[in-house]
Structure formats: C-alpha cells, structure tokens
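Here the numbering used here is used: the first residue of the sequence shown is 919, the next is one more, and so on. Just so you know, even glycine gets a beta-carbon here, dropped at the ideal spot from N, CA and C.
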Amino acid sequence: HNKFKLYDCLFISNAIPSELRDYLISKAMSMDKGVYVLPGLYDIGIMNSEMVQFDDTPLLRINKLGLTKLQRIIKRAADIIVSVFALIVSSPILIACAIAIKLDSPGPVFYRQVRLTRYQKPFKIYKFRTMVQDAEKATGAMLAADNDPRITKVGRVLRSLRLDELPQFFNILAGNMSIVGPRPERPEFVSEHLMTIENYDKRFYAKAGLTGLAQVYTRYDTSARDKTLYDILYIKDYSFRLDVKLFLLTLRTMFVKEQSGGVKPAPDYSKTGDNKKKP
C-alpha cells in the first residue's frame, strides 16, 4: 500500500497473472492513480466486442478479426489507383536511383527477397539494393545494424529517405502487398516469432503493406513483440480513413532518422544513473 503512494501512474504488462493484474488495477483506481495496461489479444478482442444477452445473462460477443469482403475490394481498388499514380509520378526518381546504385557499387539495381503476406503466403519483394552484393552470404539472415558497414554510400541515402521502398509499388500493383498493412516479414524470422511471440500469426489476417501502424508509430529497432501488437490493432481498427491517415503520416516519417536506422545496441544501464555511484 505504501509503495502505491510513491507513484502517480501504474504501467501493467499483460505478462502479469490476471488475478494480480486485477488487484493492481483495483488498488490503483481506489487511490486515484493513473493506470496504463499493455493489451494482449484478449484485451484487443474485448475492445472490438458488443453486449448481447442470453436469457438473463449479459455476455460480450467478440467480433472476428480481419477485413470484410467489401473492405478488401475497396482497399484493392485504392491500391491499384495509388500504385499506378505513384509509379508514374516517381519514374524520374526511380531512374535516378537506379543510375546512382550502378555507379556506386557493383551488383544489381534491384534486391529481391522472399517475404510473407496474407495467410503467410510467400512472394518476392522488390527493393532498391542498398547493401553490397551478397551481403548475407557469410552471416545468413540478419537485420541491418546501426551504422552497418554492409550498407553502401548511396544505399544509406536511399534508406534515410525511404526511396529504397519505391519498387514495392510493383508488388502492390501485382496484388502481393497493399499500401497499408503489416510489414512483410522474412520466413526465417516468422518461424522464430511464431514460437516466441503470442498471437504472432494474427498479423497475417491482412495483406502485407508498404507502410502501416507499426511503421508509423515505432522505430526500426522496436521489438518484434511490440510491432506485432500494433499490427493486430491495425487489423482490428481497420477503416479506409485510417489507411489514408497512415499513408499521410508515412510521408512525415520519411524525414525522421530513427524510423529508417538500423538495430541499435542495447543500452548499458550499469553505467547510468545511481549505478555510477556504486563501488
């Protein structure tokens, strides 16, 4: 009880057992403290529920996760219109990027890689090559690190401006991706996350996207677990208006360095704060 008095707000992880979580929420509310709860899939389902009644018993009916057929048709039509327009308007930029990549380092202009989209269906994603040729030959599949030496000079510029993503409009036009949706992930990482992240498979209830809720509101080095939560929230709250909003916000994030950087090393908290004073 005394410890509660030391804090104004309480942040509760969904990893905490339900009984303890209920107690902490009840105690914090009784003491007029702010409460923030990291939601799990069950909590997200409750947000998307409606009250029904069976005889004299009130129940919550949880609606299914995913887009309706009509929503998918509208979304596909918008994808075709936007991708065709984007490819036409950005054609001079596409040509300039291709020339710069060829002049900067040996290797192909485009980088093709197997990714997974809706229902974990594999496809080949297209991006401008930003790393040296055969960058993963010795290391295998791995995320780009902060100040990764494998990234070329031109590649670093393309990444910072998100121009390396432009060829993905061809994927969108082909129907493998959407303008907005969960980021297409590599099979190697999907196999790992399916075993370590609860409800990770639910992010594949929608087609992979060029941008999305996770891409706009998280950084490159944000944990896969937190990104998954954003992906599921996007699918739950999907609307055409949300797609438009996220697409416009993506234009802003193109100029935010943290959004396009690599994986940063974990901070060493032993060298900060009060620990500095310890012998």
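Candidates the options, of which the one nearest residue i by Cα
{"i": "tyrosine 1152", "options": "Leu983, Ile930 and Met969", "result": "Leu983"}
{"i": "serine 932", "options": "Asp926, Lys951 and Val955", "result": "The question names serine, yet the displayed sequence has asparagine at residue 932. Ranking the options by Cα distance to asparagine 932, first place goes to Val955."}
{"i": "alanine 1014", "options": "Ser936, Asp1082, Gln1051 and Tyr1037", "result": "Asp1082"}
{"i": "lysine 951", "options": "Thr1048, Tyr941, Tyr925 and Pro1100", "result": "Tyr925"}
{"i": "phenylalanine 1122", "options": "Leu1169, Lys923, Arg1137 and Lys1145", "result": "Lys1145"}
{"i": "lysine 993", "options": "Pro1100, Ala1092, Asn1089 and Ser1096", "result": "Ser1096"}
{"i": "arginine 1036", "options": "Val1098, Val1050, Tyr1029 and Thr1048", "result": "Val1098"}
{"i": "proline 1026", "options": "Pro1100, Gln1051 and Leu942", "result": "Gln1051"}
{"i": "lysine 1120", "options": "Gln1133, Thr1136, Thr1048 and Gln1038", "result": "Gln1038"}
Between the CA atoms of residue j and residue i - distance to the nearest angstrom
{"i": "alanine 946", "j": "leucine 928", "result": "7 Å"}
{"i": "leucine 938", "j": "serine 944", "result": "10 Å"}
{"i": "serine 948", "j": "leucine 977", "result": "26 Å"}
{"i": "arginine 1228", "j": "serine 936", "result": "Absent from the model: residue 1228. The displayed extent of the chain is 919 to 1197, so no value can be given."}
{"i": "alanine 995", "j": "threonine 1129", "result": "17 Å"}
{"i": "aspartate 973", "j": "asparagine 981", "result": "21 Å"}
{"i": "valine 1007", "j": "phenylalanine 1087", "result": "12 Å"}
{"i": "alanine 1124", "j": "valine 1162", "result": "16 Å"}
{"i": "isoleucine 1017", "j": "isoleucine 930", "result": "51 Å"}
{"i": "alanine 1132", "j": "proline 1100", "result": "7 Å"}
{"i": "lysine 923", "j": "isoleucine 934", "result": "21 Å"}
Check whether residue i and residue j have beta carbons under 9 Å apart
{"i": "isoleucine 1043", "j": "proline 1102", "result": "yes"}
{"i": "proline 1085", "j": "leucine 1169", "result": "no"}
{"i": "tyrosine 1021", "j": "valine 1072", "result": "In the sequence on display, residue 1021 carries leucine and not tyrosine. For leucine 1021 and valine 1072, yes; Cβs fall inside 9 Å."}
{"i": "tyrosine 1156", "j": "leucine 988", "result": "no"}
Exposed unless 16 or more other CB atoms sit within 10 angstroms - verdict on residue i
{"i": "proline 1024", "result": "exposed"}
{"i": "tyrosine 1118", "result": "buried"}
{"i": "phenylalanine 1046", "result": "buried"}
{"i": "aspartate 1149", "result": "buried"}
{"i": "isoleucine 1090", "result": "buried"}
{"i": "glycine 1127", "result": "buried"}
{"i": "isoleucine 1069", "result": "buried"}
{"i": "tyrosine 941", "result": "exposed"}
{"i": "alanine 1092", "result": "exposed"}
{"i": "alanine 1184", "result": "Residue placement at alanine 1184 is poorly supported in this model, since its pLDDT is 44, which falls under 50; the coordinates still yield a value, given next. Per the 10 Å Cβ criterion, exposed."}
Checklist entry - Would you call the stretch 1075 to 1084 and the stretch 1107 to 1116 in contact, with 3 or more CB pairs under 8 Å? => result No, they do not touch.
Checklist entry - Is the stretch 1130 to 1147 touching the stretch 998 to 1007 in the sense that three or more CB pairs, one from each, lie closer than 8 Å? => result Result no; under three Cβ-Cβ pairs closer than 8 Å.
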